[in-house]
Ligand code: HEM
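Written as structure tokens, this is what we have:
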């Protein structure tokens with residue numbers, strides 16, 4: 001998955017929203033409008049992003065990076081591929097850190113792995129993974145939806161990529177360490193986590209170079225070509241990193257948001273239990289994720305001076321699009337609790353939009369659908385756990401860090 005956290009260090013006080021007007025640009029010292037990791041965001045991220053979108057829709061952080069919160073401004077930013085570049089990192093990021101023709105060439109490679117035919121073949125495999133995992137949970141009993149989602153994501157992705165079951169605990173440990181490293185903002189720790197992942201991946205790819213390589217998706221990628229030439233080792237590692245590195249964590253957060261919402265909305269849960277076709281369920285899942293989008297933001301870099309909602313952004317400035325805030329914009333979606341899966345689907349930005357729109361969406365949707373159906377099939381009711389409070393995930397991620405539920 002595309003890396004979705006700003007790597008910059010943030011240090012200023014919490015200056016969030018609260019009706020405070022944006023600071024005028026004096027052309028000298030950038031003043032921070034908010035702190036993306038401050039206490040107010042940590043306490044109630046949705047309320048914080050809602051307040052910013054209303055009172056300071058393009059906000060400068062303490063590191064000088066801008067964050068864009070309204071639906072219209074987020075759309076304008078990500079659809080203007082000339083003014084806003086994806087080349088935000090000094091590391092190779094295939095395809096998310098690329099622009100123009102280079103991005104198109106690599107994106108064509110990536111897209112071949114998520115065709116409807118491939119997803120149709122994979123569906124029964126992912127369904128079995130979900131059913132078998134949920135069968136190991138005691139019903140009635142407690143479950144943490146995020147922990148369940150993490151284990152499911154690792155198993156489903158391993159089944160898809162042909163990775164051995166023995167890697168499960170190491171990958172789960174890695175997901176947790178990656179989460180803690182991201183929160184810590186310690187570059188040394190982040191680099192160590194990245195290196196650990198490279199080691200896991202290169203062991204898997206090395207085993208697929210010979211004649212006796214297993215016939216799986218990882219082998220196919222190792223032998224794949226871009227623009228008529230073989231992919232380099234670094235490109236293969238980067239692609240696999242983007243497919244698994246961030247997404248295992250994102251899938252876990254998505255599972256936490258979806259199952260928690262169903263626990264809080266028994267009427268919707270009853271409707272799904274009565275049986276709905278896949279397409280309707282997919283829209284419901286997207287709408288739940290829209291209301292509490294755990295995949296909070298992505299970065300761009302301005303290639304030229306540009307004005308966004310009256311704020312002057314200089315060439316070279318970092319610009320973050322806040323999907324979570326844009327997805328709750330009342331000018332597009334109405335009141336904050338409005339739940340209308342069909343009507344909101346065309347404007348939903350959970351999977352992004354434009355050239356960098358999520359190529360893994362069909363797989364992620366398939367996985368979330370399978371897990372949701374398996375949990376509903378194995379239970380007669382899912383409630384919030386009355387004995388254990390849920391805990392918000394810390395920025396820069398969203399959703400829940402822990403989502404305790406009671407299965408009946
Ligand atoms: C789990 C839920 C997921 C969410 C909410 C999500 C969301 C997104 C979003 C919003 C973007 C756009 C980023 C941007 O514009 O900068 C994106 C891009 C991307 N996603 Fe996902 N994604 C998910 C799962 C996956 C999965 C399962 C995969 C692959 C196995 C994947 C692979 C990618 C890649 C490679 C990109 C970069 C595409 C490009 O730059 O052309 N994602 N994702």
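Residue numbers (full-length UniProt numbering): 1 to 408. Cβ atoms here follow ideal geometry from the backbone N, Cα and C, with glycine treated the same way. Being a predicted model, the structure only gives us computed values, none of them experimental.
Check: Between the CA atoms of residue 310 and residue 23 - distance to the nearest angstrom; Outcome: Its pLDDT being 45, under 50, residue 23 is placed unreliably by the model, and nothing is read from it.
Check: Where residue 21 falls, given that 16 or more other Cβ within 10 Å makes a residue buried; Outcome: Its pLDDT being 38, under 50, residue 21 is placed unreliably in this model, and the coordinates cannot settle the point.
Check: Contact test: residue 247 Cβ vs ligand 1 heavy atom, cutoff 8 Å; Outcome: yes
Check: Under 9 Å between C-beta atoms of residue 156 and residue 345; Outcome: no
Check: Contacting residues, own chain, Cβ-Cβ under 7 Å from residue 101 (five flanking each side not counted); Outcome: none
Check: Backbone CA spacing between residue 56 and residue 271 [nearest angstrom]; Outcome: 39 Å
Check: Whether residue 317 touches residue 142 by CB criterion (9 Å); Outcome: no
Check: Burial state of residue 79 (16 or more Cβ within 10 Å); Outcome: exposed
Check: Under the three-state DSSP convention, the category residue 144 falls into; Outcome: strand
Check: Where the beta strand (DSSP E) through residue 133 begins and ends; Outcome: Premise fails: residue 133 lies in the alpha helix (DSSP H), 116-135, not in any beta strand (DSSP E).
Check: Start and end residues, alpha helix (DSSP H) containing residue 411; Outcome: There is simply no residue 411 to check, as the chain begins at 1 and stops at 408 in what is shown.
Check: Cα-Cα separation between residue 404 and residue 342, rounded to whole angstroms; Outcome: 29 Å
Check: Candidates 323, 286, 275 and 304, of which the one nearest residue 297 by Cα; Outcome: 323
Check: Spatial neighbours of residue 234 in its chain, beta-carbon cut-off 8 Å, leaving aside the 5 residues before and after; Outcome: 92
Check: Close beta carbons around residue 381, own chain, < 7 Å, minus the five adjacent residues each side; Outcome: 408
Check: Check: residue 367 C-beta below 8 Å from any heavy atom of ligand 1; Outcome: yes
Check: Which of helix, strand or coil DSSP assigns to residue 18; Outcome: Its pLDDT being 29, under 50, residue 18 is placed unreliably in this model, and the value from its coordinates should be taken loosely. Residue 18: coil per DSSP, three-state reduction.
Check: Beta-carbon proximity check, residue 360 vs residue 254, cutoff 9 Å; Outcome: no
Check: Straight-line Cα distance separating residue 312 from residue 25; Outcome: Unreliable placement is indicated for residue 25, whose pLDDT of 49 sits below 50; the coordinate value is still reported in the next sentence. Each residue's Cα considered, the two are about 7 Å apart.
Check: Outcome for residue 299 when other beta-carbon atoms lying within 10 angstroms are tallied against a minimum of 16; Outcome: buried
Check: Cα-Cα separation, residue 337 to residue 129; Outcome: 33 Å
Check: The stretch 229-248 contacting the stretch 371-380, beta-carbon criterion three pairs below 8 Å; Outcome: no
Check: Any 3 or more C-beta pairs closer than 8 Å across the stretch 118-137 and the stretch 178-198; Outcome: no
Check: beta-carbon residue 379 near ligand 1 non-hydrogen atom, thresh 8 Å; Outcome: no
Check: Residues bridged to residue 226 [DSSP beta-bridge criterion]; Outcome: 229
Check: Inside the stretch 56-109 only - beta strand (DSSP E) runs reaching at least 3 residues; Outcome: 58-60 and 66-68
Check: DSSP bridge partner residues for residue 402 (one or two, in chain order); Outcome: 391
Check: Closer than 8 Å: residue 351 CB and nearest ligand 1 heavy atom; Outcome: yes
Check: At least 3 beta-carbon pairs within less than 8 Å: the stretch 199-208 vs the stretch 248-264; Outcome: no
Check: Same chain, Cβ closer than 8 Å to residue 390, neighbours up to 5 away in sequence not counted; Outcome: 260, 384, 400, 402, 403 and 404
Check: Beta-carbon separation (whole angstroms), residue 162 vs residue 217, contact threshold 8 Å; Outcome: 6 Å
Check: Residue 7, DSSP secondary structure in three states; Outcome: Because residue 7 carries a pLDDT of 31, less than 50, the predicted location of this residue cannot be relied on, and the following value inherits that uncertainty. Here residue 7 sits in coil by DSSP.
Check: Every unbroken beta strand (DSSP E) inside the stretch 326-395 [3 residues or more]; Outcome: 382-384
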